[in-house]
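Below is one structure, written out as structure tokens; the observations come after it.
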Amino acid sequence: MNNVKSELSQRLYIETYGCQMNVADSEVVVSVLQDKGYIITEDINEADVILVNTCSIRENAEQRVWGRLDVFKQIRKKKPELTVGVIGCMAERLKEELIEKKKIVDLVVGPDAYRDLPNLLETAGSGQKAVNVILSKEETYADISPVRLDKNKISAFVSIMRGCNNMCSYCIVPYVRGGERSRDYMSILREVEDLFKKGYKEVTLIGQNVDSYGWESGEVNKTIKFARLLEMVAKINPKLRVRFSTSHPKDMSDEVLYVMAMYNNICNHIHLPAQSGSTNILEKMNRGYTREWYLDRISAIKRILPECAISTDIMTGFSGEAEEDHNETLSLMQEVKYDFAYMFKYSERPKTYAARHLTDDITEEIKARRLTEIIDLQNKLSEESKKEDLGKIFEVLVEGISKKSEDQLFGRNSQNKVVVFPKNNYKTGDYVFVKIMDCTLATLIGELIE
Ligand code: 5AD
Ligand code: SF4
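Per my numbering, the very first residue in the sequence shown carries number 4; after that it's consecutive.
Written out as structure tokens, the structure reads:
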């Protein structure tokens, strides 16, 4: 088959939930199916096939998908030949149960089985249910060129590894995405070079734990580690910004920080999930570091990269979390002065160590109250972090027209903060210098420096 639009071509609508890995995976899925003649559509009512790429990290992530399946059911009432598939982490976790619970689901495909999608869709199209949830030790989709689904064609995710070996006691990821494997560095470099040639100005290297990236290179006869990969990507072109996510505090090396310091185009932003500020809780979470170790990593960042923004993930209400532990989380946040944070209530996930051996003993009320305290503190810290930027000049990569005004553009600085400024003659993809004059809760506001 080919890509030519024909009467026989099936129209594919894909919806993505969850993390950046899922965004990148949906681009692989579209590539696999486009090669078989499927045509991507943004109009769900036009679709012959609906795929929903799902997340299992917290129960509410799954609830949203159940809700969507009810919506798809309504669409199928009008279009009985419609195929509905659940792919990704929730597909992996629930397997056939998805089909049993929701008759609307025709297809269930886990994150390592996307190459099999054309066959499975054919099976589903013939009226049978199709399932492939086999996890792989090797699959990295290295040879598949993702079809970029982003709108602005400026910034792309590049997956450098898959899966996770960390076994944090609360986390479903190792069960739904399998063990850790790194992608061939040559294929990563090729993909980034190709993106740059196509006009992309920013890549984010993504993986569940980028610091443990490792590729055995026969040629140079030694392992390419993350610091080396980062340097090779940065060298592709100084006009290409490089970001990465997610780092793990137990593995984040000074070497990576020194590489960041050497290359201007590696952005000054590190996302370093702390989860908790209490060593006692970190141990129960099996995070592999203490509060002191985490703070040592933070001081290394501040020493080697004084301009670096730091963001984090915080989880509140984990099993056995005492008020004292919660206060240690608040004090950690205050000590680090995060620029940004994602904050969650602990949600027990089936199969994990915590579900099997610990009790989810913090009441919903306490979780909610602690989360509010954490969010309030972070709002204050985010505001302080923005106030410190007043008067500073940043290089900003233009991402598009501001939502609030046609005469304003928005973009990000190296620290990943959103900056809004007058449009003049600039356009998406340009680099501009902006002096910060003001700020709101989420945005820096500035003037162009010509
Ligand atoms: N409950 C709540 N939050 C979780 N996370 C991971 N597992 C859970 C869970 N069971 C959070 C962590 C992680 C982020 C991606 O999601 O903070 O860093
Ligand atoms: Fe959600 Fe984790 Fe899967 Fe990403 S890897 S989609 S966060 S469960």
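C-beta: ideal position from N, C-alpha, C; glycine also.
Considering only C-alpha positions, which residue in the set N427, A303, G323 and N271 is nearest to R1?
This structure cannot settle anything about residue 1, because the visible part of the chain is limited to 4 through 453.
With which residues is N416 paired in a DSSP beta bridge?
DSSP, once it has assigned bridges, lists V399 as partnering N416.
Decide if the stretch 358 to 367 is in contact with the stretch 379 to 395; the criterion is three or more beta carbon pairs, one per stretch, under 8 Å apart.
No, they do not touch.
My guess is that Q23 and T207 are in contact by the Cβ rule of under 8 Å, so how many angstroms apart are they, rounded?
Sure, about 7 Å apart at Cβ, within 8 Å.
Here's a check: name, in chain order, each residue in its chain whose Cβ is nearer than 6 Å to the Cβ of S162, leaving out the five neighbours to either side.
Closer than 6 Å at the Cβ level, and outside the excluded window around S162, lie A27 and I209.
In or out: E453 buried (at least 16 other Cβ within 10 Å) or exposed?
By the 10 Å Cβ count, E453 comes out exposed.
Go ahead and pull the three-state DSSP assignment for Y434.
Y434: strand per DSSP, three-state reduction.
Would you say the beta carbon of R350 is closer than 7 Å to some non-hydrogen atom of the ligand 5AD?
Correcting the residue identity first, residue 350 is Ser in this sequence and not Arg. Yes, the ligand 5AD has a heavy atom inside 7 Å of this Cβ.
State the DSSP-derived secondary structure class of N5, mapped to helix, strand or coil.
Unreliable placement is indicated for N5, whose pLDDT of 44 sits below 50; the coordinate value is still reported in the next sentence. Looking at N5 - three-state DSSP - the assignment turns out to be coil, as it is neither helix nor strand.
Contact between the stretch 51 to 64 and the stretch 175 to 193: three or more CB pairs below 8 Å?
They touch, by the three-pair rule.
From I42 to L152, what does the alpha carbon distance come to, in whole angstroms?
So the two alpha carbons sit approximately 13 Å from each other.
Tell me whether F75 sits in a helix, a strand or coil according to DSSP, three-state version.
Here F75 sits in helix by DSSP.
Counting Cβ pairs, one atom from each stretch, are 3 or more of them under 8 Å apart for the stretch 362 to 378 and the stretch 402 to 414?
Segments in contact, no.
Is G432 closer than 8 Å to G217 when the C-beta atoms are compared?
Taking 8 Å as the Cβ cut-off, G217 and G432 do not qualify as a contacting pair.
Under DSSP, the beta strand (DSSP E) around G449 begins and ends at which residues?
G449 -> beta strand (DSSP E) spans L447 to L451.
Could you tell me which of D316, N240, D38 and V262 sits nearest to H274, measuring between CA atoms?
Looking at the Cα atoms, D316 is the closest of the given residues.
Tell me which same chain residues have a C-beta within less than 8 Å of the C-beta of A371, skipping the five on either side of it?
Closer than 8 Å at the Cβ level, and outside the excluded window around A371, lie K348.
Given a cut-off of 8 Å, decide if D115 and I137 are closer than it, judged by their beta-carbon atoms.
Taking 8 Å as the Cβ cut-off, I137 and D115 qualify as a contacting pair.
Tell me which same chain residues have a C-beta within less than 6 Å of the C-beta of A127, skipping the five on either side of it?
Around A127: T86, D109, L110 and A133.
Closest to T375 by CA distance: which of L333, A145 and A312 is it?
Selected option, being the one with the closest Cα: L333.
Would you list the residues sitting across from N56 in a DSSP beta bridge?
BP columns for N56 point to T19 and I90.
Just reading off the alpha helix (DSSP H) that N283 is part of, what are its end residues?
Start and end: T282 to K287.
To the nearest angstrom, how far is the alpha carbon of G449 from that of K426?
For G449 and K426, the distance between alpha carbons rounds to 11 Å.
Quick check: what's the CA-CA separation for M288 versus V213?
When rounded, the distance between both Cα atoms is 20 Å.
What's the C-alpha gap between C442 and S385?
Taking the straight line from one Cα to the other gives about 11 Å.
Specify the secondary structure class of L444 as computed by DSSP and reduced to three states.
Three-state result, L444: coil.
Using a threshold of 8 Å, state whether the C-beta atoms of G181 and S139 are closer than that.
Yes; because the gap between Cβ atoms is below 8 Å, this pair is in contact.
Rounded to whole angstroms, what's the CA-CA distance from E326 to M346? Just pull it up for me.
Cα to Cα, E326 sits roughly 17 Å from M346.
Using 8 Å for Cβ pairs, my map puts F424 next to L451. What's the rounded Cβ distance?
At roughly 6 Å, the Cβ-Cβ gap stays under 8 Å, so F424 and L451 are in contact.
Does S250 come out as helix, strand or coil in the three-state DSSP assignment?
Coil at S250, not helix or strand.
To which residues of the same chain is V339 closer than 7 Å at the C-beta, ignoring the five residues directly before and after it?
Closer than 7 Å at Cβ, skipping near neighbours: I301 and I313.
Return the CA-CA distance between V32 and E45, expressed in angstroms with no decimal places.
The straight-line gap from Cα to Cα measures roughly 15 Å.
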